[in-house]
Every structure is written in structure tokens, then in C-alpha cells.
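The working numbering applies: residue 10 is where the sequence shown begins, and numbers increase by one.
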Amino acid sequence: MKVNTVCVHSGNNNDDFYGALHTPIYLTSNYRLPTDGTPVDWSGINSNIYARNRNVNQTALEEKLKALEEAEDCATFASGAAALHAVFATLLKKGDHVICSQVCYSSVNILFREILPEQLGIEVSMIDTTDAKNVGNHIKSNTRMIHIETPGNPTTGISDISEIAKLASLSNILLSVDGTFASPLYQKPLALGADLVVHSMTKYINGHGDALGGCVLGNKKLIEKIKLTAMVNFGGILSPFNAYLINRGLVTLPLRMKQHSISAHKVAVHLSALPCIRFAYYPGLESHPQHAVATKQMADYSGMISFALKGDEKTNYLFLNALSLISHAVSLGDGETLIVYNEVTSEKIKYYPQEFHNGFFRLSIGLEDPDDIIEDINMALTGVGLM
Numbered sequence: 010m011k012v013n014t015v016c017v018h019s020g021n022n023n024d025d026f027y028g029a030l031h032t033p034i035y036l037t038s039n040y041r042l043p044t045d046g047t048p049v050d051w052s053g054i055n056s057n058i059y060a061r062n063r064n065v066n067q068t069a070l071e072e073k074l075k076a077l078e079e080a081e082d083c084a085t086f087a088s089g090a091a092a093l094h095a096v097f098a099t100l101l102k103k104g105d106h107v108i109c110s111q112v113c114y115s116s117v118n119i120l121f122r123e124i125l126p127e128q129l130g131i132e133v134s135m136i137d138t139t140d141a142k143n144v145g146n147h148i149k150s151n152t153r154m155i156h157i158e159t160p161g162n163p164t165t166g167i168s169d170i171s172e173i174a175k176l177a178s179l180s181n182i183l184l185s186v187d188g189t190f191a192s193p194l195y196q197k198p199l200a201l202g203a204d205l206v207v208h209s210m211t212k213y214i215n216g217h218g219d220a221l222g223g224c225v226l227g228n229k230k231l232i233e234k235i236k237l238t239a240m241v242n243f244g245g246i247l248s249p250f251n252a253y254l255i256n257r258g259l260v261t262l263p264l265r266m267k268q269h270s271i272s273a274h275k276v277a278v279h280l281s282a283l284p285c286i287r288f289a290y291y292p293g294l295e296s297h298p299q300h301a302v303a304t305k306q307m308a309d310y311s312g313m314i315s316f317a318l319k320g321d322e323k324t325n326y327l328f329l330n331a332l333s334l335i336s337h338a339v340s341l342g343d344g345e346t347l348i349v350y351n352e353v354t355s356e357k358i359k360y361y362p363q364e365f366h367n368g369f370f371r372l373s374i375g376l377e378d379p380d381d382i383i384e385d386i387n388m389a390l391t392g393v394g395l396m
């Protein structure tokens, strides 16, 4: 099936009792056990026993995600952070070495800089993964995993999945890719050689800013190990209600992603042409440092932009306060355009490219008319004296 059809039809476990066209919300904590002597899979990952291990709405969502990512198996969790923690806690142990993108999502940053090395005894190298050779130079005899974000949060940096996958394969190292910024539509890490792909479903996959969720996909052996270790024992299961909302959101994913990308490109072109903008990075612009890699591995460029003003910190905050249509809020991939200001502190500065050092904005382009988004930016820039 084509992707639009997959988003509508995959995972629709029609209700056998009433014949509902869409999977109802199964708000039950437990399920009846067989009384006819049928063996019970007490792990609960392949049968419905207890909703903390597996639930009907979760299974329906996982079927759709597997079809989108062309994956053997999928595990869904209560958030993207829970999904990532499940991967690392399951597949890494004391004494192992892991390589990670040095600029990454804040929860992952804390996990890699503090929790894994200090509490779990796992050696961590946080490096620039946009240079595949640099990744290869940091592989050690005890390296067990490479984890990359591409496009990266919050800079939109692009790491070459296929090149890093080749390096990982040569040394029998697992490659995990966070593809949240691209969505399953615009990037296929598993097809490019990755072992695992992780998404915060809170973002583009859900797309409506009303549900939290995370997922990890890969081959059946790896995912079953993650399910048995993390899903059953850590308690970070995705709730039936959130699974229902996210499954509903996926129906419009192709339509939403197309508009996000069209609008983001138009806004990025506008920003890059303004004299008051220090830089505007969007993977779809030739001026993006890794545009060629993005073009090679992405079907389209999604809706995320990073940019900086030619001004000081006070000007940055005045600009934020002058926006009216664009919301100053965390998260991304919603219908509304969202912006956050990233202050690069002295402890972070060594991890960011030079052009980011004076602070920058992460802009998630929503589903509004792009001309209205541009007008709001222009009005804010005019209000602070930059236009």
C-alpha cells in the first residue's frame, strides 16, 4: 500500500463485537485469562493480560508504525524519553561504550552526560556526528552502540545514516537513530542500515499537541528484548487513550507533513534573505551545512528551522515577546507554529558550532498560512528595530 493508505488503514483492528470501523478505546487494566488450559504467555508482550505490559490500542498503533517504517517490530512507550531510556537500559551494560550526538535533546543530554556514566558505569563519548569520519575515529573495542539524532535537535544538523551504519556494521555495533524531526514519512533509517529508529510520537506523528508517546522500531529480536526488559519491568507503557489519539493523528500525517515542509521552506528562504538574520538553517536550503546529506537520505525536509538574529540577548527576548501568532512554547510538530530561544551557556558552548554561540531560535513551522507566519516574524523584527 502507498503511504497515504497505510496511514488511514493499517492498524485498524475493527471491533468484532459491535463492528466499529475504528478501534475503540479499551480503558481496562486487565483482561480475562483462558480457562480451557491454553498456555499463558506471562510476559504479556504477545497477549493481552495486563495493560501495563500490552493493550489493544497500543497494538493497533504499533501495527501502523511498523508499516510506515517497514520494520519487523515496534514497541511504544509513554514518551519519547521513555522509549530512549528503554533502548539504552536494555542494550547497554556497565563497562560498555556508547557514542552520541554532542548536541541533542535535553533529556538525552542529561542521560548521557550524567546518568549513564555516573550511575550506571557506561562510558560515553558525545561528539559531532555530522562528520562520519569523526564517528569512526571514536569507536573503541568496547563500543556497543552509536546513537544519532538526524535532523538534530535543536540545530537541525544532519548525520549521514548510511555512512555511520557502515562503520557500525564493521565493528558489530548497534546504530540507533532518533528520527523525530523527519517523521517516518521523510526518512527511513532502517532501510539505510540502522538497527533501531526512535521517535517522540508527541511531535509530528501525533501532530495535534494533545498526547505524549514514544516508539522504537527494529528487528523482532531487538524489539522483543526491549519489550521484555523495559516495557514489562519499567512501567513506561503507552496508555490506551494516548495510543488512540496518536493513531488518529497518523491518519493525516502525509497531509500535515507536506504542508509543514512547504511552509518551512518558504519561511526559511525569507529568513535567509534578511540582513538582520545571522544564519537560517533549514535542511532544504543549499546554504545548510549538510544539505547534500539531507537530500541523499530524506524524501523531504520537514518543518524545523534554526536561526539567529544579529543582536544581543536582550534583543532576542524582545523579539520573542513581540511575536503574536507564533507561540513561545516547547515541543514541535504541532498545528501551531512554535518557537523557543536557546541560550548557549558557558558549559554548553564547546558542543555547539561557532555561529550558535550567541544564542539562537528553534522554529517549528505549523499549519498556518506561511505568509501569516512571515508577517508575524517581520512585525516582531520591526518592533525591535531590526527591520
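Yeah, the Cβ is synthetic: ideal placement off N, Cα and C, and Gly gets one too.
- Burial of Thr32 is indicated by the presence of at least 16 other C-beta atoms within 10 angstroms of its C-beta.
- Rounded to whole angstroms, the Cβ separation of Tyr291 and Thr165 is 7 Å, and the two are in contact under 8 Å.
- Contact between Ala87 and Leu247 holds: CB atoms are separated by about 6 Å, below the 8 Å threshold.
- Bridge partners of Ser373 according to DSSP: Met313, Leu347.
- Look at Ile136 here: in three-state DSSP terms it is strand.
- Between the alpha carbons of Gly20 and Leu226 lies a gap of roughly 15 Å.
- Secondary structure note for Thr152: its beta strand (DSSP E) is the uninterrupted segment 152–158.
- In this structure, the CA atom of Ile348 is about 18 Å from the CA atom of His366.
- Going by DSSP, Val207 is part of no alpha helix (DSSP H) but of the beta strand (DSSP E) stretching over 205–209.
- Bridge partners of Ala84 according to DSSP: Val225.
- One thing to note: Glu132 has its Cβ within 8 Å of the Cβ of Asp105.
- By the Cβ neighbour-count rule, His337 is exposed, with fewer than 16 other Cβ atoms within 10 Å of its own.
- Sequence-distant Cβ neighbours of Thr159 in its own chain, meaning closer than 6 Å and more than five residues away, are Ile167, Ser168.
- The straight-line gap separating the alpha-carbon atoms of Met266 and Ser333 is approximately 24 Å.
- DSSP places Ser185 inside the beta strand (DSSP E), whose first and last residues are 183–187.
- The count of Cβ pairs closer than 8 Å, one atom from the segment 109–120 and one from the segment 170–182, stays below three, leaving the stretches out of contact.
- C-alpha of Arg61 to C-alpha of Met240: approximately 8 Å in a straight line.
- Take Tyr114, set aside five residues on each side of it, and the residues of its chain with a beta-carbon closer than 6 Å to its own are Asn162, in chain order.
- Here DSSP, grouped into helix, strand and coil, assigns Ala177 to helix.
- If the five residues before and after Leu101 are omitted, its C-beta is found closer than 8 Å to the C-beta atoms of Val107, Leu125, Leu129, Ile131, Arg153, Met154, all from its own chain and listed in chain order.
- The residues Gly20, Thr85, Ala252, Ile255, Asn256, in chain order, have a CB closer than 7 Å to that of Leu70 in the same chain once the five nearest residues on each side in sequence are set aside.
- In the three-state reduction of the DSSP assignment, Tyr361 falls in the coil class, being assigned neither a helical nor a strand state.
- The beta-carbon separation of Asn228 and Asp380, rounded to 45 Å, does not stay under the 8 Å limit for a contact.
- Taking all protein chains in view, the Cβ of Ile358 is surrounded by fewer than 16 other Cβ atoms within 10 Å, so the residue is classified as exposed.
- The three-state reading of DSSP puts Ala289 in strand, counting E and B together.
- Of the residues Thr14, Tyr35, Val12, the one whose Cα lies closest to the Cα of Phe250 is Tyr35.
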